[in-house]
Structure formats: C-alpha cells, structure tokens
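Peer 1:
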Amino acid sequence: MEKVYKIGKDKKKQLDELLAKDPYAPISFGRISPVVKEIENDIFLYVKSEDNAVFKFVEEQLKTVEGARAKEDEEKKIIDAVHQDEDAAAGGFGNIFG
C-alpha cells in the first residue's frame, strides 16, 4: 500500500525533528524511510508498506505537526512522481554498470 500525507511548510522544523526521533524503534520513520517532497507551501510524505500498523503510527505521529492524508488528486500526483524518480534512478544506475 502507498499513502501520501500533507503537512504545511510552516511545520518543517517540527517535521524534521519528528522524522529523526527514535530511529531504532520497531516502527519509526527511520525504518519506514518515507520519501519527502516539498511543493510550494506544502510538504508531502510518501509512505509505502504492507503493514497497517505503519500507517497507524504515521497518522498518530503526524497529528503533532497537523499533518493529514493528502487529497486523492494530490496523492496520485505524488505517487506518480515518486515512481518516476525511482524509475529514473534505476535507469541511471543501470547505465553506470552497463
């Protein structure tokens, strides 16, 4: 499953602290490794997992920075952008090693 969460850019400092908190916990942002995208006045957090507990953790933690699930159209754009970035990175890496 893939989900995208939206946080206001004015909460960037608090979000950075939240993402760095307790990286060795069984479920933490350090282990989840979300993709962060900043677009205009918003920060989007892309999370991919098959474990519903991960999404419960993310949603609970993001309450402290007034984060919430992105709207459906925003979520689709971010997921597509992450997939394009991954494809481009994989293609570039393949070119290095031929």
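In this note's numbering, the protein residues as written are 34 to 131.
We treat Cβ as the ideally placed atom computed from N, Cα and C, and that holds for glycine.
Every value quoted in this text rests on a predicted model; they were computed, and no experiment measured them.
For the alpha helix (DSSP H) containing I65, name the first residue and the last one.
Peer 2: Taken as a continuous stretch (DSSP letters only), the alpha helix (DSSP H) holding I65 covers F62 to I65.
Peer 1: Can you look up A121 in the DSSP assignment and give me helix, strand or coil?
Peer 2: Helix.
Peer 1: What are the boundary residues of the alpha helix (DSSP H) that N98 is part of?
Peer 2: Sequence check: residue 98 is Val here, not Asn. Per DSSP, V98 belongs to no alpha helix (DSSP H) and is neither H nor E.
Peer 1: Since D84 sits in a beta bridge, which residues does DSSP pair it with?
Peer 2: In DSSP, D84 forms no bridge with anything.
Peer 1: In the structure shown, what three-state DSSP assignment does K45 receive?
Peer 2: The answer is helix: DSSP assigns K45 an H, G or I state.
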